[in-house]
Structure formats: C-alpha cells, structure tokens
Amino acid sequence: MVETSVPAVELRDVVKRFAEVIAVNHVSLKIAPGEFFALLGPSGSGKTTTLRMIGGFELPTEGEVFIEGEPQGYKPPYQRPVNTVFQNYALFPHMTVAQNIAFGLEMRGVPREEIRRRVGEMLELVRLSGYERRRPHQLSGGEQQRVALARALINRPKVLLLDEPLGALDLKLRKAMQLELKTIQEQVGITFIYVTHDQEEAITMADRIAVMNRGRVLQVGTPQEVYEHPENLFVADFIGDTNFIPVQVQQVGDGVQVLTVSGAVLLAHWGEPTLNAGSEAMMAVRPERMRLHRPEEVPQQEGWNAVEGIIRHVIYHGLDIRYEVHLAGGTTLHVRMPVGQGETRFQRGEHVVVSWPHAAARVFRSES
Amino acid sequence: MTAPAASQPRLSHRLRHEALRVLFHIYGAAGYLFFYLPIIILVIFSFNDSRSVSQWAGFSWRWYEAMLQDRQIMLALWNSVFVAVVSTAIATVLGTLAAMALERYRRFPGRLFADITLYLPIIIPDIAMAIMLLAFFNLSGIGLHVWKVNFFGVRLAVPFSVIIGHVAFNISFVAVVVQARLAQMDRTLEEAAQDLYANPWRTFWRVTLPLMMPGVLGGALLAFTLSLDDFVITFFTSGAGFNTLPVRVFGMIRKGVTPKINAVSSLMLGFSLLLVTLALLAARGRDERNVRLF
Numbered sequence: 000m001v002e003t004s005v006p007a008v009e010l011r012d013v014v015k016r017f018a019e020v021i022a023v024n025h026v027s028l029k030i031a032p033g034e035f036f037a038l039l040g041p042s043g044s045g046k047t048t049t050l051r052m053i054g055g056f057e058l059p060t061e062g063e064v065f066i067e068g069e070p071q072g073y074k075p076p077y078q079r080p081v082n083t084v085f086q087n088y089a090l091f092p093h094m095t096v097a098q099n100i101a102f103g104l105e106m107r108g109v110p111r112e113e114i115r116r117r118v119g120e121m122l123e124l125v126r127l128s129g130y131e132r133r134r135p136h137q138l139s140g141g142e143q144q145r146v147a148l149a150r151a152l153i154n155r156p157k158v159l160l161l162d163e164p165l166g167a168l169d170l171k172l173r174k175a176m177q178l179e180l181k182t183i184q185e186q187v188g189i190t191f192i193y194v195t196h197d198q199e200e201a202i203t204m205a206d207r208i209a210v211m212n213r214g215r216v217l218q219v220g221t222p223q224e225v226y227e228h229p230e231n232l233f234v235a236d237f238i239g240d241t242n243f244i245p246v247q248v249q250q251v252g253d254g255v256q257v258l259t260v261s262g263a264v265l266l267a268h269w270g271e272p273t274l275n276a277g278s279e280a281m282m283a284v285r286p287e288r289m290r291l292h293r294p295e296e297v298p299q300q301e302g303w304n305a306v307e308g309i310i311r312h313v314i315y316h317g318l319d320i321r322y323e324v325h326l327a328g329g330t331t332l333h334v335r336m337p338v339g340q341g342e343t344r345f346q347r348g349e350h351v352v353v354s355w356p357h358a359a360a361r362v363f364r365s366e367s
Numbered sequence: 000m001t002a003p004a005a006s007q008p009r010l011s012h013r014l015r016h017e018a019l020r021v022l023f024h025i026y027g028a029a030g031y032l033f034f035y036l037p038i039i040i041l042v043i044f045s046f047n048d049s050r051s052v053s054q055w056a057g058f059s060w061r062w063y064e065a066m067l068q069d070r071q072i073m074l075a076l077w078n079s080v081f082v083a084v085v086s087t088a089i090a091t092v093l094g095t096l097a098a099m100a101l102e103r104y105r106r107f108p109g110r111l112f113a114d115i116t117l118y119l120p121i122i123i124p125d126i127a128m129a130i131m132l133l134a135f136f137n138l139s140g141i142g143l144h145v146w147k148v149n150f151f152g153v154r155l156a157v158p159f160s161v162i163i164g165h166v167a168f169n170i171s172f173v174a175v176v177v178q179a180r181l182a183q184m185d186r187t188l189e190e191a192a193q194d195l196y197a198n199p200w201r202t203f204w205r206v207t208l209p210l211m212m213p214g215v216l217g218g219a220l221l222a223f224t225l226s227l228d229d230f231v232i233t234f235f236t237s238g239a240g241f242n243t244l245p246v247r248v249f250g251m252i253r254k255g256v257t258p259k260i261n262a263v264s265s266l267m268l269g270f271s272l273l274l275v276t277l278a279l280l281a282a283r284g285r286d287e288r289n290v291r292l293f
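Protein chains in written order, with numbering that gives the first Met the number 0: chain A, 0 to 367; chain B, 0 to 293.
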C-alpha cells in the first residue's frame, strides 16, 4: 500500500438513515488501490448498506463517497466506475452466459468484435470456456458465481464490490472459490471490496479488514492486527475464539492490573485506553496462548499469569486437544494444547493451573 | 389379541376410505357435468341438420355455412375483433404501467385510493359499470357516435365509446396479471443492469420488460378474451347501428332461437378456449425456463 496515492475508495464521515434506523453511523474508510478489503460484521451491522452506497444503490444521508478521489454525490450506479457481484448473483435469466457477460460492454457501446474477444477471455479467466450458450438456470451454484464475477470484471472497473458472493455455496465449494477469487484478484489487480459475515473468510482472503457492528466501524487492520490486537470487546469476541474472564481493574499504568472474582491478581500488557481503576472489565486471552500445568509442576516464569481450576472436559481434535477448565467463581476457560511429543496429557476432574503470558492478555471495557 | 381380530377394524377403515374416494369422484364429475353439459349440447346442436334445437336430425355444416353468408354476422364479427384489438392494445400499455407504478412505489399518499380504483372494475357488476359509462358519455358530450374513418382507403367504423368502455375495464385485468408477475420478479436484476451501465430506459427494455413479458402477454390475452365476450358494457355504450358479435346474437335471439346462433356461439367458444389456453401457456411456459437454482 502506498500511502501517498489517491485511495481507490474513500468514505468520509458517511451516515445512512432509513426512517428511524441508523444503518451506517459516521463511517470513514480509505481503501488503497489494488487492495482486497473486507467489510466484516454480523447481519445488520451496516456492511451491505456501506457497499451499496459505494455502488450507488443507496445515497448517503450525510457524508461523501469518493472513488479515485472523485466525489460521487448523487451519481446513479450506471455512472460509477465500479461493478458489483450480487449476493444471489442476479444473472439475467433470459440471457445466455455470453450475453450476461457482454451486457456491460454492450451498454457502453464497445464494438461487437471486441466484445466477443473479451467475453472469450473472461470465460477463460473464470474457467467456463464452452459455456457461452448455456442459460443461468443450467449452471451449478459455483458456475453461476463465476459468471457473475466475469460479468463484473469484463468492464475492468476501478473497484469491484462483492456482497457475500460465496454465501449461497456449500462449505467445500466455498473454500475452493475463496482461493480462486483471491487468485483472480491478484491476477487482475483490481481493488476488491468484499462484504462477509464470515470472519474466517475475511481473515484468509483480505489484505485489510474493517470490522463493523451496529453501523459503526470498530476496527480497521490487517487480519493479523485484528486477530492479535483487537481494540475492543466486540472485535475480540467476533474474530476467532477468545476466553473472557470478568475482572475488576485495580491499576492502570504501563499495563493493566486486574482482580478476578475469586481474588487472583492478573496482569495484561494492553488495556483499552478508557479504563479506570475500579471499572468492571473483561480480560481476553486466545485459547492457544494458554498452557496447562499440574499444580506441583508450575514453572516460575516472569511475565506470566496463573490461575487454578478443574478440568471438566477433554476433547481430542487431532492437531490439538481442547480442555474446558472451570475456575473458582464460575468462569470457564478453553485451552488448546498442541498434540506433540512430550506434552503432558490431562484427565477430566484433574486440578490444574492455567497460565498465559501478560503479553497475550488484553483488557476491555465490559459493555452491555 | 390374535391377528384376524386386529385386522378387522383396519379393513372397515379401508372400506370407508374407498367409499369416500368414489363419492368424491362422483361429486366432481357431477359438478363438471352441471357446468359443461349445456355447452356440449349447444355445440352438438350447432351441427344439427334441422331447424329444431331439441331434435337431432343428423350431422350437417349448414348452419356454419348460413352463418358465413350472413353479412350482418360477419360485420359484427369484424367489429368485435376490431374493438378487441384496439382496446387490448391500449389497456395493455396502460395496465402494465399502472402495475409497475403500484409495484415499485409501495407507499405514497393515496395508495389505497389507487388500489381501490384499479380493482373496482373487476369487482363491480357489469351493469353498474355500463350505466356509469353511459352517463359519462352523455354528460361529457362525447356521446355514442361511431366515427367513420378513412384509413388508407379502408373505411373503418370506430366506435369510440365502446373502445373507451372496454379499455376502462381491461386496464384492471391487465394490471392485476402483470402485478402478480412483477411481485415474483427479483429486483436485484434491475440493480444488476444499472450496475452494468444501463440507464433506467435501457434497463426497462433489456431486463424489466423481457422478464415481465409473460405477465404482459397473459394480461393482454385475458383482456382480448374479455373484450370479445363482453355484452353488457358494449350494449350500453354502442350507438345505434353498431353491433359486436354478442350484441348481434342477442338481437337474433329476440326473433327466435335458430341453430345458426348455436354455430356462432360455438365459434366464439372455440376462439375463447384457444385464447385462454394461449394465455395460460404464455404465463407458464416462460417460467419453466426461468427457474433459478437458489
């Protein structure tokens, strides 16, 4: 990403209201040219509305959408240099595959000969050569998806908008298409803005992710940043598996010192900036960052937290073993230990000590 | 419990079930017979080689020949077709536009009023509609005159009032059929067209119209059939000396029923059946091709 270049898409303080409901609430984003950018959030988070405002299907109530530095104002979809892959593909049922793909070029008056050539190229790109004369209803879900992609890409848009494009496919096909989409994006070098509610999909495909909830963007960052350094409780909870330990903040300084319900003192390197001593909070730790020990074998390590508990469930997962540990005070922790040589195995009912580094712990304001 | 004792109640249950099934079939057949026996008799007697409409005297085409030679009937037939074609064309365009407006703009001031006025002609009795139209033509000064037009050397009688009357009730039927089709159309298809640089005008011609065409065709055929068959409204709104086929047949019946009327009726019946079949095929045939996988 070159910071100095004009963003492919910029949203400046965009608000969208539908009657009483605020669907998108003061969203500002900058998306770099060539970037694979994911808008991630649960349903109703405003991600699709945000995408539709870039495409011109909705107009912002406040704020402005810029495409390559140009304010879009009231421009209708057919005057914007973007194309969309719709959630249900929206292929024209009365046209063949070739006619569907050619539609955009035809509308822009591209010569017939060139259209034919480019349709051929596109079909090759999405590996559907020979399907020219088929109709959409004769195609499988994955094939329809690829036609929808070809129909959008043939116009060489500045930005491609994708609205949950894999939502209707089964899991196996989804995985294959994720790879294919990523490959195609790298091949054509077009900016992709990708709406999804699937955090795994966003993490595996996107260069950067904007996590949305209730119309707001809660965090923007690379998959690694949002996974390893979530900035608020929602992001920590929505992305990946996380253990949450209810705590009370004791001290805020270089790190955060907290007290659990059962009286254990824990430390975290990072806490949300708005935390004060005495406020209720949540300590978040990823299951794979935790370790289990027998009480008599706890190593004396600097910079680690330790709490006692009892193993309630042991689940074998092949690559790892997942333990469910109950702490005094009613908190349940999930711990993931790799299955390797020399790792101690624990039994159900065993008393254990759970430990994790201060660096792996983050403390968030608890919110309703 | 032994086996036979257990199967006893099951057997009687089966019997009762069978008996009910047979009764239902008889009931259904009787219903059909009640509706269609008069029509079958009418068709049969249109081939009767006798002036009598109650005694069979052998097969003959003579009443059909007599019908074809009757200039009054042929003129009435021409009038019927002319009125039907013109009123259907106008009603189809207006009805389709009305359906699109109602489907697209779901909430606007006066929406309920628009719905009511559109559906009214379907619900109110023909006679009420006919009297309203008659009053309208008289009060407005349009009158019931038949316009004589020279159309590229062909002298046409254009029954202005009859055509307006037919358009008035046909709009509703077209609108209802088209609206049903639009309701099941995927609106993202229009968004997709706009996304692919089609302005609203081209979106309409390239995507919306082709997709709602089965509804438009079905509505048009329905309107055409209703127009051909209409008696009451035509009778009230046509001026002196202008007959459509149903009005002509009514005039003939007053002078006595002859098998010639049976022949005319059979012809109209056959034509109507053909149109209804076409309308159903138009509404359905396209659908099968448009089945979507999601």
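All C-beta atoms in this analysis are idealised placements derived from N, C-alpha and C, irrespective of residue type, glycine included. Predicted model only: the values in this text are computed from it and were never measured.
Residue from the options whose Cα sits closest to the Cα of residue i
i	options	result
B:Leu299	B:Ser160, B:Asp114 and B:Val145	This structure gives no information on residue 299 of chain B, because the portion of chain B shown stretches from 0 to 293.
B:Leu210	B:Met267, B:Thr95 and B:Phe81	B:Thr95
A:Arg155	A:Ala101, A:Gln198 and A:Arg134	A:Ala101
B:Ala100	B:His24, B:Leu216 and B:Ala174	B:Ala174
B:Pro258	B:Trp55, B:His12 and B:Tyr26	B:Trp55
A:Gln36	A:Ala327, A:Val338 and A:Glu163	Reading the sequence as shown, one finds Phe at residue 36 of chain A and not Gln. Comparing Cα-Cα distances from A:Phe36 to each of A:Ala327, A:Val338 and A:Glu163, the minimum goes to A:Glu163.
A:Gln71	A:Leu58, A:Asn82 and A:Thr203	A:Leu58
B:Ile39	B:Leu280, B:Glu64 and B:Leu268	B:Leu268
B:Ala98	B:Asp194, B:Ala179 and B:Arg201	B:Ala179
A:Arg392	A:Val158, A:Gly141, A:Met94 and A:Arg107	There is simply no residue 392 of chain A to check, as chain A begins at 0 and stops at 367 in what is shown.
B:Ser171	B:Ala90, B:Asp229, B:Ala182 and B:Trp77	B:Ala90
B:Leu220	B:Asp194, B:Ala278, B:Thr236 and B:Val246	B:Ala278
B:Gln71	B:Gly240, B:Gly255, B:Tyr26 and B:His24	B:Gly240
A:Arg321	A:Arg288, A:Ile202 and A:His228	A:Arg288
A:Ser198	A:Ile208, A:Ala359 and A:Ile189	The sequence given here places Gln at residue 198 of chain A; Ser does not occur at that position. The residue with the shortest Cα to Cα distance from A:Gln198 is A:Ile208.
A:Leu326	A:His316, A:Phe345 and A:Val352	A:Val352
A:Phe233	A:Arg364, A:Glu123 and A:Gly308	A:Arg364
A:Leu10	A:Leu38, A:Ile66, A:Ile21 and A:Glu227	A:Ile66
A:Tyr315	A:Tyr193, A:Gln299, A:Gly339 and A:Phe237	A:Gly339
6 Å CB neighbourhood of residue i in its chain, flanking five on each side removed
i	result
A:Trp303	Ser354 and Pro356
A:Tyr130	Val96
B:Val166	Ser86, Ile89 and Ala90
B:Ile121	Ser171
B:Val42	Ser265
Cβ pair residue i, residue j closer than 8 Å
i	j	result
A:Arg285	A:Thr241	yes
A:Gly277	A:Ala267	no
B:Thr224	B:Ser265	no
A:Met282	A:Val324	no
A:Pro76	A:Phe56	yes
B:Thr187	A:Ala89	yes
A:Val84	A:Leu148	yes
B:Asn242	B:Phe44	no
B:Trp82	B:Ile25	Sequence check: residue 82 of chain B is Val here, not Trp. In this structure, B:Ile25 does not lie closer than 8 Å to B:Val82 by Cβ.
A:Ala263	A:Lys157	no
A:Asn231	A:Glu271	yes
B:Ala129	B:Val231	yes
A:Leu368	A:Val194	No answer is possible for residue 368 of chain A: the residues shown for chain A start at 0 and end at 367.
Chain-order list of residues whose beta-carbon lies under 7 Å from that of residue i (same chain, five-residue window excluded)
i	result
B:Thr207	Glu189
A:Arg117	Leu104 and Ile153
B:Ser79	Leu227, Thr243 and Leu244
A:Leu291	Tyr322, Val334, Met336, Phe345, Val351 and Val353
B:Tyr63	Ala262
A:Pro32	Ser4, Ala7 and Thr190
Same chain, Cβ closer than 8 Å to residue i, neighbours up to 5 away in sequence not counted
i	result
A:Val13	Val23, His25, Val26, Ser27, Thr49, Met52, Pro59, Glu61, Gly62, Glu63 and Val64
B:Gln193	Pro199 and Thr202
Closer than 7 Å: residue i CB and nearest the ligand GTP heavy atom
i	result
A:Met52	With respect to small molecules bound, the structure shown includes none, and the ligand GTP cannot be examined in it.
### Query
Any residues in the stretch 174-195 of chain B with a beta carbon nearer than 8 Å to a beta carbon of chain A? Which ones, in chain order?
Asp185, Thr187, Leu188, Glu190, Ala191, Ala192, Gln193, Asp194 and Leu195
### Message
Extract the residue ranges of the alpha helix (DSSP H) inside the stretch 208-235 of chain B, only unbroken runs of 4 or more that lie entirely within it.
### Response
208-228
### Near-chain A residues of the stretch 207-228 of chain B - C-beta to any C-beta below 8 Å
Pro209 and Leu210
### Task
Note down, one range per segment and in chain order, each beta strand (DSSP E) of at least 3 residues found wholly within the stretch 87-154 of chain B.
145-150
### Task
Output the residue ranges of the beta strand (DSSP E) runs that lie fully inside the stretch 326-356 of chain A and measure 3 residues or longer, sorted by chain position.
331-337 and 350-356
### Task
Give, in chain order, every unbroken run of the alpha helix (DSSP H) that is at least 4 residues long and sits entirely within the stretch 205-242 of chain A.
222-227 and 232-237
### Task
Return the residues of the stretch 82-110 of chain A that lie within a Cβ-Cβ distance of less than 7 Å from chain B, sorted by chain order.
Asn82, Thr83, Phe85, Asn87, Ala89, Phe91, Pro92, His93, Phe102, Gly103, Met106 and Arg107
#### Entry: Interface residues of the stretch 32-64 of chain A facing chain B [CB-CB below 7 Å]
Gly54 and Phe56
### Task
Taking a Cβ distance cut-off of 7 Å, strictly less, list which residues of the stretch 68-81 of chain A are near chain B, in chain order.
Pro75, Pro76 and Tyr77
### Message
Which runs of the alpha helix (DSSP H) at least 4 residues long sit entirely within the stretch 158-187 of chain A? Give them in chain order.
### Response
170-187
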